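Notes for the one structure printed next.
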Amino acid sequence: MKKLKVFSAPYLVWMIVFILVPLLMVAYFAFTTDSGKFTIKNISNVGQYANIFVRSIWLALVATVVCLLLAYPVAYLLSRMEKHKQGTMLLIVMLPMWMNFLLRTYAWMTLLGNNGVINHVLGIFGLGPYKLINTSGAVVLGMVYNYLPFMILPLYSVMEKIDKSVIEAASDLGCNSASIMWRVIVPLSLPGITSGITMVFVPAISTFIISRMLGGGSNLLIGDLIEMQFLGNAYNPQLGAAISLVLMVIILVIMTVMNQFSPDDQVLI
Amino acid sequence: MKKFGKIYFALILLFLYVPIFVLIVFSFNETKSRSVLSGFTLEWYVKLFHNKIIISSLMKTILIATLASIVSTVLGTFAAIGINSMKKVPKAFVMNVTNMPIINPEIVTGVSLMLLFVFFTARMNFEFGFVTLLIAHITFDVPYVILNIMPKFKQMDPNLFEAAQDLGCSPMQAFRKVILPEIMPGVISGFLMAFTYSLDDFVISYFTSGPTTQTLPITIYSMTRRKISPEINALSTIIFIVVFVILIVKNFVENKAAKNNSYKGEKI
Numbered sequence: 001m002k003k004l005k006v007f008s009a010p011y012l013v014w015m016i017v018f019i020l021v022p023l024l025m026v027a028y029f030a031f032t033t034d035s036g037k038f039t040i041k042n043i044s045n046v047g048q049y050a051n052i053f054v055r056s057i058w059l060a061l062v063a064t065v066v067c068l069l070l071a072y073p074v075a076y077l078l079s080r081m082e083k084h085k086q087g088t089m090l091l092i093v094m095l096p097m098w099m100n101f102l103l104r105t106y107a108w109m110t111l112l113g114n115n116g117v118i119n120h121v122l123g124i125f126g127l128g129p130y131k132l133i134n135t136s137g138a139v140v141l142g143m144v145y146n147y148l149p150f151m152i153l154p155l156y157s158v159m160e161k162i163d164k165s166v167i168e169a170a171s172d173l174g175c176n177s178a179s180i181m182w183r184v185i186v187p188l189s190l191p192g193i194t195s196g197i198t199m200v201f202v203p204a205i206s207t208f209i210i211s212r213m214l215g216g217g218s219n220l221l222i223g224d225l226i227e228m229q230f231l232g233n234a235y236n237p238q239l240g241a242a243i244s245l246v247l248m249v250i251i252l253v254i255m256t257v258m259n260q261f262s263p264d265d266q267v268l269i
Numbered sequence: 001m002k003k004f005g006k007i008y009f010a011l012i013l014l015f016l017y018v019p020i021f022v023l024i025v026f027s028f029n030e031t032k033s034r035s036v037l038s039g040f041t042l043e044w045y046v047k048l049f050h051n052k053i054i055i056s057s058l059m060k061t062i063l064i065a066t067l068a069s070i071v072s073t074v075l076g077t078f079a080a081i082g083i084n085s086m087k088k089v090p091k092a093f094v095m096n097v098t099n100m101p102i103i104n105p106e107i108v109t110g111v112s113l114m115l116l117f118v119f120f121t122a123r124m125n126f127e128f129g130f131v132t133l134l135i136a137h138i139t140f141d142v143p144y145v146i147l148n149i150m151p152k153f154k155q156m157d158p159n160l161f162e163a164a165q166d167l168g169c170s171p172m173q174a175f176r177k178v179i180l181p182e183i184m185p186g187v188i189s190g191f192l193m194a195f196t197y198s199l200d201d202f203v204i205s206y207f208t209s210g211p212t213t214q215t216l217p218i219t220i221y222s223m224t225r226r227k228i229s230p231e232i233n234a235l236s237t238i239i240f241i242v243v244f245v246i247l248i249v250k251n252f253v254e255n256k257a258a259k260n261n262s263y264k265g266e267k268i
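Line by line, the protein sequences give chains A and B.
For the first sequence, the numbering used here assigns the number 1 to the initial residue and increments by one for each residue that follows.
For the second sequence, the numbering used here assigns the number 1 to the initial residue and increments by one for each residue that follows.
The following block contains the structure:
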């Protein structure tokens with residue numbers, strides 16, 4: 001099989017030019033000035049936006065926890081269904097994810113707007129109108145709605161593999177259903193939990209669409225900040241690269257922590 | 001307890017589907033209102049099909065997704081074969097770099113490619129547009145193709161390739177007749193994954209397309225930024241129905257295939 005190595009040559013060139021070099025360019029821009037001199041000013045300037053970083057991490061964290069709490073029972077129920085039903089039900093759960101996420105987020109603009117469906121329905125009962133859109137709650141809701149399937153899928157795929165006889169054995173040995181949950185199912189589904197957390201947290205912390213469409217101008221996230229440095233009026237690719245670099249480091253730390261909790265051979269991504 | 005589970009499951013489905021159904025209902029609404037239903041109309045669908053920007057960006061999206069997924073499938077299939085025969089350390093390195101576009105936030109992949117393209121446009125006669133978009137799409141597609149194919153090699157007997165040559169195949173024949181059929185399911189699922197990711201991508205396209213080339217998601221984005229346009233509702237409805245039909249057919253075909261296989265027994 002040794003001769004086959006050359007087959008990868010075109011890809012290796014592609015990989016170096018379009019994956020490795022661009023990432024190195026991000027690092028290069030983050031540490032240089034306009035004229036190409038070394039500086040750490042860009043990185044230290046990121047500190048001015050600490051509040052945006054804190055908000056992004058906080059909202060992404062809340063969304064991740066809500067997703068986990070909502071998705072865990074869904075995945076469990078799915079995995080307990082009869083085999084022939086599972087495929088169809090999973091399809092129904094995942095179907096909305098196949099719509100473009102801009103449209104899904106737009107749907108919530110329709111629902112949450114000041115003249116939107118929810119306020120209209122509440123108005124019939126003499127309630128409201130409430131300010132639903134352009135709040136941080138709306139941003140979290142948008143994240144949960146868009147990324148919930150990313151949590152359900154990895155959870156389901158580990159739970160489905162849990163041997164039913166293990167659960168029967170636990171109950172034969174005197175476990176009640178609560179302790180079966182805590183001492184058997186949760187530990188066995190840990191790899192699904194950790195990969196679900198990364199699959200929700202990473203897009204949630206770096207989004208700029210959800211915050212822009214549902215958060216109004218007052219809920220800027222890291223993603224908005226980066227976008228503004230590259231395509232907005234605040235054009236400053238050096239600062240944008242520095243923010244991207246810090247974002248990558250945050251995500252790397254989170255993923256390293258997550259990998260501590262899951263056995264090496266079972267990392268799903 | 002069982003009843004409680006069913007109610008919970010139904011509530012989650014309600015949460016997932018209500019926003020989409022609201023869009024569908026309002027796509028037939030006579031006025032532009034987003035809260036009051038006034039009467040039935042197909043006006044927004046007619047307007048949608050006469051909207052040149054939407055139609056041309058749809059065509060562009062399909063073209064980009066087709067080209068990008070074909071190129072990345074070819075590139076990725078050869079890459080996977082090569083990577084599989086590498087030694088442990090270079091293999092781990094290449095796989096780690098390959099994973100980067102998947103693990104990294106899309107926005108970082110987007111801006112990193114934008115920086116590269118800015119570097120080129122500043123030095124060469126070269127502009128943001130179709131080519132940069134295509135390169136960007138191939139770049140984020142290839143890793144998915146490779147990751148779909150790599151596990152197939154684990155299931156394959158590593159001696160098969162040499163056995164074929166011992167029995168008189170040239171290396172090229174051995175590749176075509178032995179390796180390719182073994183990894184084909186991975187190639188196909190990689191291709192489909194690349195195609196759907198390409199169709200759906202907004203973030204990376206947003207940073208690499210430039211002002212003149214618009215894909216459908218970019219057009220949708222600029223529509224949501226402007227005033228209320230019920231054409232988006234009509235578009236959502238059509239996309240939902242298309243996705244729905246495709247997935248139902250796929251599910252049906254897979255179920256049938258599974259049944260057929262169980263009759264014939266396990267394929268060797």
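Where a beta carbon is used, it is the ideal one built from N, C-alpha and C, also for glycine.
Being a predicted model, the structure only gives us computed values, none of them experimental.
I'd like to confirm the pairing. Which residues does DSSP put opposite residue i in its beta bridges?
| i | result |
| --- | --- |
| Asn146 of chain A | Paired residue(s): none; Asn146 of chain A is not in a bridge. |
| Thr32 of chain A | A:Phe38 |
| Phe40 of chain B | B:Asn29 |
Within 10 angstroms of its Cβ, does residue i collect 16 or more other Cβ (buried), or is it exposed?
| i | result |
| --- | --- |
| Ile53 of chain B | exposed |
| Asp201 of chain B | buried |
| Gln214 of chain B | buried |
| Thr212 of chain B | exposed |
| Asn84 of chain B | buried |
| Tyr130 of chain A | exposed |
| Lys267 of chain B | Note that Lys267 of chain B scores a pLDDT of 43, beneath 50, so its modelled location is shaky; the value from the coordinates is reported in the next line. By the 10 Å Cβ count, Lys267 of chain B comes out exposed. |
| Asp34 of chain A | exposed |
| Ser69 of chain B | buried |
| Arg176 of chain B | exposed |
| Ile246 of chain B | exposed |
| Met114 of chain B | buried |
| Ala234 of chain B | buried |
| Arg212 of chain A | buried |
| Arg55 of chain A | buried |
| Lys37 of chain A | exposed |
| Val6 of chain A | exposed |
| Lys60 of chain B | buried |
| Trp14 of chain A | buried |
| Met99 of chain A | buried |
| Gly123 of chain A | exposed |
| Ile107 of chain B | buried |
| Gly265 of chain B | At Gly265 of chain B the pLDDT is 47, less than 50, meaning the model places this residue with poor confidence and gives no usable figure here. |
| Val46 of chain A | buried |
Compare the Cα-Cα distances from residue i to each of the options and report the closest residue.
| i | options | result |
| --- | --- | --- |
| Leu180 of chain B | B:Val22, B:Ala164 and B:Ala194 | B:Ala164 |
| Ile204 of chain B | B:Ser72, B:Ala234, B:Leu147 and B:Ala136 | B:Ala136 |
| Asp224 of chain A | A:Thr88, A:Asp163 and A:Val139 | A:Val139 |
| Ala30 of chain A | A:Ala178, A:Val249, A:Leu102 and A:Asn51 | A:Val249 |
| Ile40 of chain A | A:Leu252, A:Leu245 and A:Asn259 | A:Leu245 |
| Ala194 of chain B | B:Arg176, B:Ser229 and B:Ile146 | B:Ile146 |
| Leu199 of chain B | B:Leu23, B:His50 and B:Ala65 | B:Ala65 |
| Pro151 of chain B | B:Gly210, B:Met184 and B:Leu13 | B:Met184 |
| Met156 of chain B | B:Phe128, B:Gly129, B:Leu133 and B:Gly186 | B:Gly186 |
| Ile238 of chain B | B:Trp44, B:Leu167 and B:Leu67 | B:Trp44 |
| Ser229 of chain B | B:Asn104, B:His50, B:Arg34 and B:Ala68 | B:Arg34 |
| Phe40 of chain B | B:Leu48, B:Phe49 and B:Glu30 | B:Glu30 |
| Leu95 of chain A | B:Lys2, B:Phe4, B:Ile12 and B:Tyr221 | B:Ile12 |
| Asn42 of chain A | A:Val54, A:Ala27 and A:Arg55 | A:Ala27 |
| Leu14 of chain B | A:Val121, A:Val93 and A:Phe7 | A:Val93 |
| Leu3 of chain A | B:Ile81, B:Ile7 and B:Ser57 | Reading off the sequence shown, one finds Lys at residue 3 of chain A, where the question assumed Leu. The shortest C-alpha separation from Lys3 of chain A is found at B:Ile81. |
| Met89 of chain A | B:Ser209, B:Ala10, B:Phe207 and B:Cys169 | B:Ala10 |
| Ser38 of chain B | B:Phe28, B:Lys47 and B:Val46 | B:Phe28 |
| Ala63 of chain A | A:Ile243, A:Gln260, A:Ile197 and A:Ile254 | A:Ile197 |
| Lys256 of chain B | A:Tyr49, A:Gly87 and A:Met81 | A:Gly87 |
| Leu75 of chain B | B:Pro158, B:Arg226, B:Ile220 and B:Phe140 | B:Phe140 |
| Phe93 of chain B | A:Ser195, A:Thr207, A:Ile16 and A:Met199 | A:Ile16 |
Say yes only if the C-beta of residue i is nearer than 7 Å to one or more non-hydrogen atoms of the ligand MG, and no if none qualify.
| i | result |
| --- | --- |
| Ala194 of chain B | The ligand MG is not part of this structure, which contains no ligands at all. |
Subject >> Entirely enclosed beta strand (DSSP E) segments - the stretch 88 to 117 of chain B, minimum 3 residues >> reply: Segments of the beta strand (DSSP E) lying fully in the stretch 88 to 117 of chain B: there are none.
Subject >> Stretch-stretch touch, CB-based, cutoff 8 Å, three pairs: the stretch 16 to 30 of chain B with the stretch 105 to 113 of chain A >> reply: yes
Original post:
With contact counted as at least three CB pairs below 8 Å, one residue from each stretch, are the stretch 152 to 164 of chain A and the stretch 72 to 81 of chain A in contact?
Top reply: yes
Subject >> Every unbroken alpha helix (DSSP H) inside the stretch 126 to 159 of chain B [4 residues or more] >> reply: Segments of the alpha helix (DSSP H) lying fully in the stretch 126 to 159 of chain B: 130 to 155.
Original post:
Are the stretch 126 to 142 of chain B and the stretch 167 to 175 of chain B in contact at 8 Å, needing three or more beta carbon pairs?
Top reply: no
Original post:
In chain order, which alpha helix (DSSP H) runs of at least 4 residues are fully inside the stretch 168 to 219 of chain A?
Top reply: 177 to 180, 190 to 206 and 209 to 214
Subject >> Cβ contact (3+ pairs, closer than 8 Å) linking the stretch 108 to 127 of chain B and the stretch 228 to 243 of chain A >> reply: The way I'd put it, the stretch 108 to 127 of chain B does touch the stretch 228 to 243 of chain A; three or more beta-carbon pairs between them come closer than 8 Å.
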